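Those protein sequence lines, which keep their order, are chains A and B.
All the letters of the first sequence, read from the start, carry residue numbers 1 to 148 under our numbering.
All the letters of the second sequence, read from the start, carry residue numbers 149 to 296 under our numbering.
Ideal Cβ placement from N, Cα and C applies to all residues, glycine included.
Remember, it's a predicted structure, so these values are computed and weren't measured experimentally.
Protein chains: 2
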Amino acid sequence: MTKRHPDLRDLVETSKGLAHPARLRLLGMLATGELCVCQMTAVLGLASSTVSQHLSVLSRGGLVADRKEGKLVYYRLGEGEIAKTVLPPLLALLGEDEQAKADRALIERLREVPVLELCAADLDLVAIGVAKPAPQHPGTPPPRGATP
Amino acid sequence: MTKRHPDLRDLVETSKGLAHPARLRLLGMLATGELCVCQMTAVLGLASSTVSQHLSVLSRGGLVADRKEGKLVYYRLGEGEIAKTVLPPLLALLGEDEQAKADRALIERLREVPVLELCAADLDLVAIGVAKPAPQHPGTPPPRGATP
DNA sequence: CCTACAATTCGGCATATGACGAAACGACAC
DNA sequence: GTGTCGTTTCGTCATATGCCGAATTGTAGG
């Protein structure tokens, strides 16, 4: 009996993992397959230390697992009982969100670029031609006119 | 178009509702049917203001709905899209937890007692013969010897 | 109208969370 | 070994959360 049944505390840890927009976005990205930390950091636009913290929270909740390859670290969705039970319905709902859709679109293009190239560009998505120049705010404003 | 699709923010609000043991216990109790605030307060053993706060968080996440009857307020599980999607698998896992089982057992006996009688007893489960005298700590210690 | 009372909201404190930059930690390259 | 670089951990701060008791609200009932 190495695999104990999930406990109330386990469920709380897992739920805490879901209770932040950045972490839900991370899960949404990972739903498309494993990703390197730097790729997720580039998409979220947060400090890498912050992203690492978020991934740590997700890991404590069993929602993600990691794999090291050289100096890079890749994360994937967790495979424990709680994750397998809770994630599918949640990811289905998340898939409808506009932000999550945008993230996936970005990730899709990011997968075409070698990871080390992204790192070399200091995680600047624009520099490697994956994202467009620079809108005023991070929402989804249809480009009307450019800045003169 | 009155029913918008769930948003990233909605999912965060819902997840926050799940991210606390007391709130998961509340959901576990409500899975057996609607309950009065005072009944849940008695089982949790927290201040009624605290329980009210927790229920408010659950309500913001669409996880519960309320119904007023006289001076009492009854809560039940929410019926929105997110709740219907996320709750069933979660409650299935929660059902295995010992604390949740104990809560359900208590609730089952509590349903035999008129709500106003519970209130009149100041939410004291022992006074109305629903719970046993008074163990040292709130776990599930098999009663060995009584206090001399 | 006034009282009683279940529930909620408010005011306060203690702790937890989330953000960043700085420093520490591997794993490769030289 | 020394350096470089991706990632994590640490230190610090601002804000959010959880708890309680006190005050407030709303609904019977006297």
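For C186(B), DSSP records no beta bridge to any residue. Shown here, L225(B) sits in a strand according to DSSP, grouped into three states. In this structure, the CA atom of G165(B) is about 37 Å from the CA atom of K71(A).
Nearest CB-CB separation between A19(A) and chain B: below the 7 Å threshold. Within the same chain, Cβ atoms closer than 6 Å to the Cβ of S48(A) are found at T41, the five residues on either side in sequence being excluded. Contact between the region 25-40 of chain A and the region 174-183 of chain B is not established, with fewer than three Cβ pairs separated by less than 8 Å.
Taking C-beta atoms under 8 Å as the contact rule, A170(B) and L194(B) qualify, at a distance of about 7 Å. A distance of 7 Å or more separates the beta carbons of Y223(B) and V234(B). For D7(A), the chain B residues whose Cβ falls inside 9 Å of its Cβ are E244, D245, E246, Q247, in order along the chain.
Secondary structure at V115(A): helix, using DSSP grouped into helix, strand and coil. Residues of the region 68-93 of chain A with a Cβ closer than 9 Å to any Cβ of chain B, in chain order: E81, I82, T85, V86, P88, P89, L90, A92, L93.
A straight line joining the alpha-carbon of L264(B) with that of K216(B) spans about 15 Å. The beta carbon of L258(B) lies closer than 6 Å to those of Q187, V278 in the same chain, with the five residues before and after it left out. For R104(A), the three-state secondary structure derived from DSSP is helix.
Within chain A, S15, L18, A19 have C-beta atoms less than 7 Å from the C-beta of S163(B), given in sequence order. At least one beta carbon of chain B lies nearer than 7 Å to the beta carbon of V12(A).
Check the Cα spacing between L77(A) and each of H5(A), L58(A), G95(A): the tightest is with L58(A). Around the C-beta of P133(A), fewer than 16 other C-beta atoms lie within 10 Å, and the residue is accordingly described as exposed. Judged by their CB atoms, S163(B) and S15(A) are nearer to each other than the 7 Å cut-off.
Here L72(A) is bridged, per DSSP, to E69(A). In this structure, I230(B) and L178(B) do not form a Cβ contact; the two beta carbons are roughly 16 Å apart against a cut-off of 8 Å. With fewer than 16 neighbouring CB atoms inside 10 Å of its own CB, G243(B) falls in the exposed class. Inclusion of D103(A) and V43(A) in the CB contact set at 7 Å is warranted, their separation being smaller than that value. With respect to chain B, the C-beta atom of L24(A) has a partner C-beta closer than 7 Å.
Here V64(A) is bridged, per DSSP, to L77(A). If you draw a straight line from the Cα of A268(B) to the Cα of K249(B), it comes to about 26 Å.
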